[in-house]
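Residue numbers (the UniProt record's numbering): 1 to 146.
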């Protein structure tokens with residue numbers, strides 16, 4: 001699986017942990033930055049990651065900031081993106097099964113690295129169930145096309 005990953009300064013340290021996990025799991029990835037703990041604006045990372053996922057250059061994306069909220073709001077501005085904030089195992093699984101999320105967001109200041117790595121693994125390993133959920137995702141996609 002090809003993964004686009006990015007973080008602002010608030011998610012920089014957690015991003016390093018997740019990149020190491022992606023390498024361990026054998027996933028191809030591109031790190032869209034940031035590459036230091038210096039302050040940056042989260043849309044500067046979120047939008048390029050979201051555009052790359054929406055364009056089909058990557059299968060999924062992972063974005064991290066302090067809370068996971070701002071970076072997710074920015075990503076969801078890109079047509080075709082279903083970015084979901086994940087801080088627990090149930091949500092990590094359900095957002096893939098029911099929402100076909102293509103970007104996962106997390107907050108470094110909210111969860112620790114151990115949980116984050118478990119959530120990434122769960123999210124990457126979970127497939128979209130389709131069925132009744134396809135109709136719901138389809139309604140969102142149709143609305144975006146207006």
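Think of the CB as a built atom: it goes at the ideal place given N, C-alpha and C, for glycine as much as any other residue.
Kindly indicate which three-state DSSP category residue 140 falls into: helix, strand or coil? helix
For the alpha helix (DSSP H) containing residue 118, list its first residue and its last residue. Membership of residue 118 in the alpha helix (DSSP H) is indicated by the continuous run 113 to 125.
Along the beta strand (DSSP E) that carries residue 30, what are the first and last residues, could you check? Taken as a continuous stretch (DSSP letters only), the beta strand (DSSP E) holding residue 30 covers 28 to 31.
Suppose you measure from the CA of residue 45 to the CA of residue 9; what does that come to, to the nearest Å? 10 Å
Between residue 40 and residue 31, what straight-line distance do the alpha-carbon atoms span, to the nearest angstrom? 15 Å
In three-state terms, what does DSSP make of residue 61? strand
I'd like to know if the stretch 51 to 69 and the stretch 97 to 110 are in contact, where contact means that at least 3 CB-CB pairs between them fall below 8 Å. yes
Give every residue of the same chain whose Cβ lies closer than 7 Å to the Cβ of residue 42, excluding the five residues on either side of it in the sequence, and list them in chain order. Result list for residue 42: 8, 65, 70, 71, 74, in chain order.
With distances taken between CB atoms, is the gap from residue 182 to residue 50 smaller than 8 Å? It is not possible to answer for residue 182, since the shown part of the chain is limited to 1 through 146.
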